[in-house]
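Comments concern the structure below.
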Amino acid sequence: MPSRVSIREVGPRDGLQSEPPIPTEAKIQLVDALSATGVGRIEVTSFVHPKAVPQLADAEQVWAGIQRRPGVRYSALVANRRGAERALDAGCQELAVVVSASETHNRVNVRRSVEESLADIREIVRFVHGRGGQCHVTISTAWGCPYEGDIDPSRVAAIARRVCDDGADGLSLGDTTGMATPRRVWSLVEALRDAVGDVPLNLHFHDTRGTGLANVLAALQVGVTDFDASIGGLGGCPYAPGAAGNIATDELVAMLDDMGIETGVDLAALLAAAERAEQLLGRTLPSRLLRIGPRTRLVPIETAS
11 MPSRVSIREV
21 GPRDGLQSEP
31 PIPTEAKIQL
41 VDALSATGVG
51 RIEVTSFVHP
61 KAVPQLADAE
71 QVWAGIQRRP
81 GVRYSALVAN
91 RRGAERALDA
101 GCQELAVVVS
111 ASETHNRVNV
121 RRSVEESLAD
131 IREIVRFVHG
141 RGGQCHVTIS
151 TAWGCPYEGD
161 IDPSRVAAIA
171 RRVCDDGADG
181 LSLGDTTGMA
191 TPRRVWSLVE
201 ALRDAVGDVP
211 LNLHFHDTRG
221 TGLANVLAAL
231 QVGVTDFDAS
241 IGGLGGCPYA
251 PGAAGNIATD
261 ELVAMLDDMG
271 IETGVDLAAL
281 LAAAERAEQL
291 LGRTLPSRLL
301 RIGPRTRLVP
311 IETAS
């Protein structure tokens, strides 16, 4: 097992894109609360067309309003060159772009073929590098598609090789609808390493079918040390029917802490941030840890009067 794991908190972007719109100030408050937990990276927002994701139409205002803490890296998702320009102009230097391994999902999600998206990504990476930024690539539906079913690991590996050849600074594999299992995690990570070697790899699991933390454990067993998670299990995908939230950051940290794997994250502060997220959203989040508390929380014995 690795001695330390890096976590990227994606709730403010991946989580809020599936929620009814909340005020800009509430989004800023959520990012600021997460910044105080010790998490090393936060995906703040998405610079996409407001008609595509109206929940994040205020990307520039949120980016300008957050309080940046030393040691925390802030990033954003973009869908095309125009989004990259907006993000860079706003001061964001760490960007992510997405392509689906599934042809059908890519057309539903971004209205392009996979080949068209890959051509766009090549140009976006060059443009971002020319402006001094970094550009990571997420391959969504990496373990399966709600429209096409299982995705062959060789297809994901070929896409990964293509974007790495085009200069991607790192890769993330997205389990968009929670179709991964530990066996499939082992298989895909092996195929990816055969294709691209030691390129920085992040895994992005959704807990749709209840295998999220089991998949993290499987990934740890093969040396993966970088994961996405979302505060309180917030999240989903507007273009993936039935997609549940990401693995909950608090549940991930609690498991890793008990395994003796460092994250740098304060669990108590994280649970407080999850409670704040519930207040801002006005609903209960999926995290079971948020309901029952960490395993170290004891229940007092009630004495009869």
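Take the sequence shown: its letters are residues 11 to 315, numbered as in this note's numbering. In this text, a Cβ means the ideal position worked out from N, Cα and C, and glycines have one as well.
Using 8 Å as the Cβ pair cut-off and three pairs as the minimum, do the stretch 51 to 68 and the stretch 259 to 278 touch?
Judged by Cβ distances under 8 Å, the stretch 51 to 68 makes no contact with the stretch 259 to 278, as fewer than three pairs qualify.
Which runs of the beta strand (DSSP E) fall wholly inside the stretch 223 to 284 and span at least 3 residues, in chain order?
Runs of the beta strand (DSSP E) lying entirely within the stretch 223 to 284, each at least 3 residues long, are 236 to 239 in chain order.
Work out the CA separation of R307 and A228 for me, nearest whole Å.
Whole-angstrom Cα-Cα distance: 27 Å.
What did DSSP end up calling L181 once you bin it into helix, strand or coil?
Of the three classes helix, strand and coil, the one that applies to L181 here is strand, per DSSP.
Could you check the C-alpha separation between A111 and S56 for me, to the nearest Å?
20 Å
Starting from Q144, follow its DSSP beta bridges and name the residues at the other end.
E104
Going by DSSP, what residue range makes up the alpha helix (DSSP H) through I38?
T34 to S45 is the span of the alpha helix (DSSP H), which, as asked, contains I38.
Could you have a look at L300 and say whether DSSP puts it in helix, strand or coil?
For L300, the secondary structure class from DSSP, reduced to helix, strand or coil, is helix.
Counting C-beta neighbours from all protein chains within 10 Å, is the total for D68 16 or more, i.e. buried, or is it exposed?
The residue in question, D68, is buried, as its Cβ has 16 or more Cβ neighbours within 10 Å.
Quick one, which of N256, M265 and V72 has its alpha-carbon nearest A100's?
V72
Measure how close the beta-carbons of L300 and L281 come, nearest whole angstrom, since I'm counting them as under 8 Å.
6 Å
Taking the continuous beta strand (DSSP E) assigned at E53, which residues delimit it?
If you look at E53, you'll find it in the beta strand (DSSP E) that goes R51 to F57.
State the CB to CB distance for the pair F237 and I38, rounded to an integer number of angstroms; the pair is presumed to be in contact (CB under 8 Å).
That pair is no contact at about 25 Å.
With which residues is E70 paired in a DSSP beta bridge?
E70 pairs with nothing; no bridge assigned.
For the putative contact between T218 and G184, defined by C-beta atoms under 8 Å, what is the C-beta separation to the nearest angstrom?
About 12 Å separates the two Cβ atoms, so there is no contact after all.
For the beta strand (DSSP E) that H214 lies in, which residues bound it at each end?
L211 to F215
So what's S197 in DSSP terms, helix, strand or just coil?
The answer is helix: DSSP assigns S197 an H, G or I state.
Buried or exposed: where does G303 fall if 16 or more other Cβ atoms within 10 Å of its Cβ makes it buried?
By the 10 Å Cβ count, G303 comes out exposed.
Who are the near neighbours of A97 in its chain, counting only those whose CB is closer than 6 Å to its CB and skipping five residues on each side?
F57, A86, V88 and L105
Does the distance from the CB of N256 to the CB of V20 come in under 8 Å?
yes
Report back the beta-carbon spacing between D42 and I76 to the nearest angstrom; my notes put them in contact at under 8 Å.
6 Å
Check for me: the alpha helix (DSSP H) holding V120 runs from which residue to which?
E113 to V120
Could you say which of R305, A224, S182 and E158 lies nearest to R194 if we only look at CA atoms?
A224
In whole angstroms, what is the alpha-carbon distance linking S297 and V135?
35 Å
DSSP on S13, reduced to helix/strand/coil?
coil
Using beta-carbon positions only, say whether A287 and L295 come within less than 8 Å of one another.
yes
Skipping 5 residues on each side, what residues in its chain have a beta carbon closer than 6 Å to that of G177?
Answer for G177: V135, listed in chain order.
Quick one: Cα of R132 to Cα of P310, how far?
59 Å
Under 8 Å between the Cβ atoms of V206 and R171?
yes
Do you know how far the Cα of R305 is from the Cα of H59?
So the alpha carbons of these two residues sit roughly 43 Å apart.
Suppose contacts are defined by Cβ-Cβ distances below 8 Å. Is L262 in contact with V232 by that definition?
no
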